[in-house]
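Q: Protein chains in written order, with my numbering: chain A, 213 to 351; chain B, 15 to 151.
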């Protein structure tokens, strides 16, 4: 890695606050992603399912980890990204993304636990990322 | 679409493109800086999974059941990055799981030369449609 220091086990990513997302933001994500699920756009359907407002697309939130990770370490490539959608962040709520390094070595790369939570601070996404050295991950 | 003996359904290969304009819009809607990088965002291939052939196969898998698929988890495992402007081949398999009731959507993205770039897995939890939603739009 050209002598650059790997993150240490236990290092935390800075909290990254995103949103709140309004109806226009959810519609714009739906349009570009092709996710036509009306649950994210239709107040009546959301209420019928039991949500006070439409939930933000989980994939919009999961994808938002990459800008955080890239800003944190531009010298590493994101080779794996995964997340479990635990509970929704609702339209009008902000979300906070963060993470912590669980493993870090030239052999194992940098493995992080990711966490997204909404305004109630209950986990919305519990995820993982693997960031790898450029020499291992060539285009 | 084919259905092997295992009960898996296969779709593809489908030709997909990491279209520059769509990648730029995707970056904007997912919080990236307003620049265009050469590397496709890690989660971008999810947009290819909304192709009509794939959505129709998912609907077909759930046909006859009064259920709603709920996105439970998603993973992307890259062997090499995808590049903006390039075309790839997407192959998808669908598998029903009984306990808990789920639909696993496994996707593989390869170069046109056949080199695998990405494996992605989508797990959809199959839940009964709430009675209150039956008359919702």
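Ideal Cβ positions, reconstructed from N, Cα and C, are used throughout, including at glycine. A quick note: this is a predicted structure, and the numbers were derived from the prediction, not measured.
Could you confirm whether any beta carbon from chain B is found closer than 8 angstroms to the beta carbon of residue 393 of chain A?
A: Here chain A comprises residues numbered 213 to 351, so residue 393 of chain A is not present and cannot be evaluated.
Q: Please report the residue range of the alpha helix (DSSP H) in which residue 284 of chain A lies.
A: For residue 284 of chain A, the uninterrupted alpha helix (DSSP H) run begins and ends at 277-284, by DSSP.
Q: Kindly indicate which three-state DSSP category residue 46 of chain B falls into: helix, strand or coil?
A: Under the three-state reduction of DSSP, residue 46 of chain B is assigned to coil, being neither helix nor strand.
Q: Hey, does residue 279 of chain A have any beta-carbon neighbour from chain B nearer than 8 angstroms?
A: yes
Q: Going by DSSP, what residues sit across from residue 91 of chain B in a beta bridge?
A: Partner(s): A:292, B:133.
Q: Excluding the 5 residues flanking residue 19 of chain B on each side, which residues of the same chain have their C-beta closer than 8 angstroms to its C-beta?
A: Below a pLDDT of 50, predicted positions are generally treated as unreliable, and residue 19 of chain B, at 44, falls in that range; no measurement from the model is reported.
Q: Would you call the segment 278-285 of chain A and the segment 82-97 of chain B in contact, with 3 or more CB pairs under 8 angstroms?
A: These segments do not touch.
Q: Taking Cβ-Cβ distances shorter than 9 angstroms, what residues in chain B pair up with residue 293 of chain A?
A: Those are 56, 57, 88, 89, 90, 91, 92, listed as they occur along chain B.
Q: Looking at the C-beta of residue 244 of chain A, does it have a partner C-beta in chain B at a distance below 8 angstroms?
A: yes
Q: For the beta strand (DSSP E) that contains residue 163 of chain A, what are its first and last residues?
A: Lying before the first or after the last residue shown, residue 163 of chain A is absent from chain A, which here runs from 213 to 351.
Q: DSSP three-state label for residue 248 of chain A, please.
A: coil
Q: Using 10 angstroms around the beta-carbon of residue 137 of chain B, count the other beta-carbons present and answer buried if the total reaches 16, otherwise exposed.
A: Buried, because 16 or more other Cβ atoms sit within 10 Å of the Cβ of residue 137 of chain B.
Q: Could you please tell me which residues of the segment 222-238 of chain A, in chain order, have their CB closer than 9 angstroms to any CB of chain B?
A: 228, 230, 237
Q: What does a CB cutoff of less than 6 angstroms around residue 139 of chain B pick up in its chain, not counting 5 residues either side in sequence?
A: Taking residue 139 of chain B as the centre and dropping the five residues before and after it, the same chain places the C-beta of 84, 86, 116 closer than 6 angstroms to its C-beta, in chain order.
Q: For chain A, check one thing: does any of its Cβ atoms lie closer than 8 angstroms to the Cβ of residue 45 of chain B?
A: yes
Q: DSSP on residue 345 of chain A, reduced to helix/strand/coil?
A: coil
Q: Hey, does residue 40 of chain B have any beta-carbon neighbour from chain A nearer than 8 angstroms?
A: yes
Q: Output the distance between the C-alpha atoms of residue 44 of chain B and residue 349 of chain A, rounded to the nearest integer angstrom.
A: For residue 44 of chain B and residue 349 of chain A, the distance between alpha carbons rounds to 23 angstroms.
Q: What span of residues does the beta strand (DSSP E) with residue 29 of chain B cover, start to end?
A: 23-31
Q: Identify the continuous alpha helix (DSSP H) that holds residue 4 of chain B and give its terminal residues.
A: A query on residue 4 of chain B cannot be resolved here, the shown segment of chain B reaching from 15 to 151 and no further.
Q: Can you tell me whether residue 36 of chain B is helix, strand or coil according to DSSP?
A: helix
Q: What residues from chain A crowd round residue 64 of chain B, counting only those whose CB sits closer than 9 angstroms?
A: 245, 246, 247, 248
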